[in-house]
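Visitor: Just passing along the structure, written as structure tokens.
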Amino acid sequence: MKAIKLLSFLVFFSYIKCQTLQTSLLHAVLEAGKSKVKMSANVVSVMQNIKSQNYLKENLRDITSIMVAQFLQKSTYEEVQTIVTELLDTVEQCKSLKSPESPLECAHQLMTTFLEYICSNQGMVEKHMFTDCCTTNNTERLECFLSYKKDDMDYREIFQIPKPEQICEMDKENQMSMKAWYGYEISRRHPFLYGPTILTMSACYETAVQTCCQEENKTECLQIKLDPIRKYIKEISLRHHHLCDIGIKFNHNVAKAVELVLLTKKQPKANFSEIAKLTTDIKNLHKICCEGNAVACTLGRSQLMNYTCSKQVTLSSKTTQCCEQPEPFRGECIINLENDDKPNLSPLPLRRFTEDQSVCKQFTGKQDSFLEEFLYEYSRRHSELAVPVILRVDTIYRNLLGKCCTLENPWECYSRGNEMFQRVVRESRDRVKNHCGLHEKLGASNFHDRLIVLYTKKAPQLSVQELVVFTKKMADAATKCCPLREEQQFICVEDSAKLILGALCRRHEAEPINAGVGHCCDHSYAFRKPCFDDLQVDGAYLSPSLSCDQVINLKEDLCKAQEEELQIAKQKLLSSLVKQNPYATEMQFQSIIVDFLHLIGMCCHAEKSEKCLQEEGSKLMKKCQSLLED
Numbered sequence: 001m002k003a004i005k006l007l008s009f010l011v012f013f014s015y016i017k018c019q020t021l022q023t024s025l026l027h028a029v030l031e032a033g034k035s036k037v038k039m040s041a042n043v044v045s046v047m048q049n050i051k052s053q054n055y056l057k058e059n060l061r062d063i064t065s066i067m068v069a070q071f072l073q074k075s076t077y078e079e080v081q082t083i084v085t086e087l088l089d090t091v092e093q094c095k096s097l098k099s100p101e102s103p104l105e106c107a108h109q110l111m112t113t114f115l116e117y118i119c120s121n122q123g124m125v126e127k128h129m130f131t132d133c134c135t136t137n138n139t140e141r142l143e144c145f146l147s148y149k150k151d152d153m154d155y156r157e158i159f160q161i162p163k164p165e166q167i168c169e170m171d172k173e174n175q176m177s178m179k180a181w182y183g184y185e186i187s188r189r190h191p192f193l194y195g196p197t198i199l200t201m202s203a204c205y206e207t208a209v210q211t212c213c214q215e216e217n218k219t220e221c222l223q224i225k226l227d228p229i230r231k232y233i234k235e236i237s238l239r240h241h242h243l244c245d246i247g248i249k250f251n252h253n254v255a256k257a258v259e260l261v262l263l264t265k266k267q268p269k270a271n272f273s274e275i276a277k278l279t280t281d282i283k284n285l286h287k288i289c290c291e292g293n294a295v296a297c298t299l300g301r302s303q304l305m306n307y308t309c310s311k312q313v314t315l316s317s318k319t320t321q322c323c324e325q326p327e328p329f330r331g332e333c334i335i336n337l338e339n340d341d342k343p344n345l346s347p348l349p350l351r352r353f354t355e356d357q358s359v360c361k362q363f364t365g366k367q368d369s370f371l372e373e374f375l376y377e378y379s380r381r382h383s384e385l386a387v388p389v390i391l392r393v394d395t396i397y398r399n400l401l402g403k404c405c406t407l408e409n410p411w412e413c414y415s416r417g418n419e420m421f422q423r424v425v426r427e428s429r430d431r432v433k434n435h436c437g438l439h440e441k442l443g444a445s446n447f448h449d450r451l452i453v454l455y456t457k458k459a460p461q462l463s464v465q466e467l468v469v470f471t472k473k474m475a476d477a478a479t480k481c482c483p484l485r486e487e488q489q490f491i492c493v494e495d496s497a498k499l500i501l502g503a504l505c506r507r508h509e510a511e512p513i514n515a516g517v518g519h520c521c522d523h524s525y526a527f528r529k530p531c532f533d534d535l536q537v538d539g540a541y542l543s544p545s546l547s548c549d550q551v552i553n554l555k556e557d558l559c560k561a562q563e564e565e566l567q568i569a570k571q572k573l574l575s576s577l578v579k580q581n582p583y584a585t586e587m588q589f590q591s592i593i594v595d596f597l598h599l600i601g602m603c604c605h606a607e608k609s610e611k612c613l614q615e616e617g618s619k620l621m622k623k624c625q626s627l628l629e630d
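Position 420 (the sequence shown) corresponds to 420 in the numbering used here; numbering is contiguous.
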């Protein structure tokens, strides 16, 4: 599965003819064994830093455009370009990037100047509703601006491609840079997507356009080549936003733990000190990228990749194929690289955390580093587990030591740790098995209906539209994950759930749903999924009293609805019924839904469909009224 994932990633880029990423796996393996040029690590590092500096200088305008478009999402392409020109003309540190320090100075000064620029322009402040932000100091001002970023604006999920003739004419006449235009469009739709990723995808878009404009069937060519780019952007944007949420919502230990697990699973042969260093560096880089400083984010990622590529022997030899690529492709390639092969590890280093008599001494002495080392040793031995599951084990261990190390005989207490770890993994695995078992038993459509019933009970404050969309994502994830082999199924379901529930928690943060949802979102990142699984009916919710005429739509326009529209109408009805009486039985709900669909099918084939709906619908209304009065 991992090999397929990597291959598909490389093929994806190759497919859209990003020529710099057409290194085959075979070539990578062969090249990994060569020592092409013998140079000291210092010389290599200096050369790489020079390349990074040159890359930043060559792309400074595009990177700054990304930053501006992500903050000023309502601005036109032309407005963004005008602002970028004024910023780069104003910030002295960005006019010459010759010294090693100048790129970082440019990045920080550019952000400060940009925020000041916005607040000095009253028209811009009013257009983007930033008035409250401009009355605060620098730190609070940035946080305020970030809070206005919306990745759910009124844009189509996949925006329309301009007519091929128009694109090709623009490209031919060079009226505007295809890369810059696409970067602008992506940036304003995905304001939490990291700048370096946008640069990579923009470069691939430009290559695809140039290729397709030579083809006879330009429309088909563009559709085929751009679709993988859009899909990748959609998924990676969700992941970037999720990482930003973790950094804001939870303390720095949680953010570090997530990175440590990801790094260790990817590079299990690397020693603890290297993983610990990279964990801190990446956590800090995420903070910079999440704050919207696209220039500092691009520079930071480039430096991080330089370091990774200079440490291939100690980190992972699999990075060779990626390290051969130039910017910006190198970074995206390394991030999406498959996990390294798991080494043959002794169980002794892990056992010491539950068998050593001096555990409490180490725990109380250097608690953070001790727990990080436990997480490292556990993660490198359990690459088959998803990040949230490993974090549950880590939470269990942390709480266990907090309790045991206050006792007279702590060893007797914490020596049961391994048994507790196995239990939490088993429980997590059983939840996924039951979830997928239900999906297989009910089928995709009925499984979605079951999720609507469950989550309407848990979060009835959400609109029926929100509940249908949210549960559709969960149902789609089950359809994708459940057919996989058990190990991949487990990781896939857990990984999908963390992102989907993360989005629900963002919705709660913007507009509180209820106490139960709030508790699951805020209490523990590791146990967020089990918490939502166990959440019951919100007994405090009082639904607005509705009549069956208001709940059930029996208009003639239902007969013109497409299959998908009819399915959504059915699901909205189901959610509305659950809101009115969350304690009714599943059979009662399904009886009304079955009758509703039967009625639509019968009357829409009748000569006078509206009359049929009114006359025959009276029976359905009586059944509905009985449920509401129950």
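Where a beta carbon is used, it is the ideal one built from N, C-alpha and C, also for glycine.
In angstroms with no decimal places, state the Cα-to-Cα distance between F71 and L501.
Guide: 25 Å
Visitor: Can you tell me whether G539 is buried or exposed? The criterion is at least 16 other CB atoms within 10 Å of its CB, across all chains shown.
Guide: exposed
Visitor: Helix, strand or coil for V295? Go by DSSP, reduced to three states.
Guide: Of the three classes helix, strand and coil, the one that applies to V295 here is helix, per DSSP.
Visitor: Among the residues of its own chain, which have a CB less than 6 Å from the CB of M420, if the five just before and after it don't count?
Guide: I396
Visitor: Counting only the same chain and skipping the five closest in sequence on each side, list residues whose C-beta sits under 7 Å from that of K641.
Guide: Given a span of 1 to 630 for the chain in the structure shown, any question on residue 641 remains unanswerable.
Visitor: Apart from the five residues just before and just after V43, which ones in its own chain have a Cβ nearer than 8 Å to its Cβ?
Guide: At V43 the pLDDT is 40, less than 50, meaning the model places this residue with poor confidence; the figure from the coordinates comes in the next sentence. In its chain, beyond the 5 residues on either side, no residue has a beta carbon closer than 8 Å to the beta carbon of V43.
Visitor: How many angstroms separate the CA atom of C521 from the CA atom of V464?
Guide: 21 Å
Visitor: Which residues in the same chain as L238 place their Cβ atom closer than 7 Å to its Cβ, once the five residues preceding and following it in sequence are excluded?
Guide: L499
Visitor: Between the alpha carbons of I491 and L385, how many angstroms are there, rounded?
Guide: 6 Å
Visitor: Quick check: the segment 325 to 339 against the segment 350 to 357, are there 3 or more CB pairs under 8 Å?
Guide: Flag = no, the segment 325 to 339 and the segment 350 to 357 do not touch.
Visitor: Taking the straight line between their C-alpha atoms, what separation do you get for S496 and V258?
Guide: 15 Å
Visitor: Distance check for E338 and S383, CA to CA, integer angstroms please.
Guide: 11 Å
Visitor: Three-state secondary structure (DSSP) at A526?
Guide: DSSP places A526 in coil when its eight states are reduced to three.
Visitor: For my contact list, K249 and P191 are in at a C-beta cut-off of 8 Å; report their separation, rounded to the angstrom.
Guide: With 8 Å as the limit, K249 and P191 do not qualify as a contact, their Cβ atoms being about 18 Å apart.
Visitor: Spell out whether any CB of chain B is found under 8 Å from the CB atom of F250.
Guide: Absent from the structure is chain B; it holds one protein chain and no more.
Visitor: Using only the alpha-carbon positions, how far apart do C119 and E86 sit?
Guide: 15 Å
Visitor: Is the beta carbon of C168 closer than 8 Å to that of K218?
Guide: yes
Visitor: Beta-carbon within less than 6 Å of D132's beta-carbon, same chain only, minus the 5 sequence neighbours each way: which residues are those?
Guide: Counting only Cβ-Cβ distances below 6 Å, and skipping sequence neighbours, we find nothing.
Visitor: Could you tell me the boundaries of the alpha helix (DSSP H) in which T211 lies?
Guide: G195 to C212 is the span of the alpha helix (DSSP H), which, as asked, contains T211.
Visitor: Compute the Euclidean distance between the alpha carbons of D154 and L146, then round it to the nearest angstrom.
Guide: With a pLDDT of 43 at D154, under the threshold of 50, the modelled position of this residue cannot be trusted, and the question is left open.
Visitor: To test your reading of the DSSP string, which unbroken alpha helix (DSSP H) runs of 4 or more residues are found completely within the segment 498 to 558?
Guide: 515 to 522, 528 to 534 and 548 to 551
Visitor: So, does the segment 401 to 421 touch the segment 352 to 372, judging by three or more C-beta pairs under 8 Å?
Guide: Yes, they touch.
Visitor: Might you give, ordered along the chain, the residues of its own chain that have their beta carbon closer than 8 Å to the beta carbon of L299, omitting 5 neighbours on each side?
Guide: S52, L56, P103, L104 and A107
Visitor: From Q109 to P388, what distance separates their C-alpha atoms?
Guide: Near 37 Å, if we compare the C-alpha coordinates of P388 and Q109.
Visitor: Of the residues C323, I282 and T112, which one's Cα is nearest the Cα of T90?
Guide: T112
Visitor: Could you compute how far the alpha carbon of I4 sits from the alpha carbon of I233?
Guide: With a pLDDT of 38 at I4, under the threshold of 50, the modelled position of that residue is not reliable, and the figure given next carries that caveat. Between I4 and I233, the C-alpha separation is close to 19 Å.
Visitor: Count the other C-beta atoms from every protein chain shown that fall within 10 angstroms of the C-beta of S645, then say buried if there are 16 or more, exposed otherwise.
Guide: The question about residue 645 has no answer, for the chain in this structure spans 1 to 630.
Visitor: Label A477 either buried or exposed according to how many other C-beta atoms from any shown protein chain fall within 10 Å of its C-beta, with 16 as the threshold for buried.
Guide: buried
Visitor: Assign T320 to buried or exposed, taking buried as 16 or more other Cβ atoms, counted over all protein chains shown, within 10 Å of its Cβ.
Guide: buried
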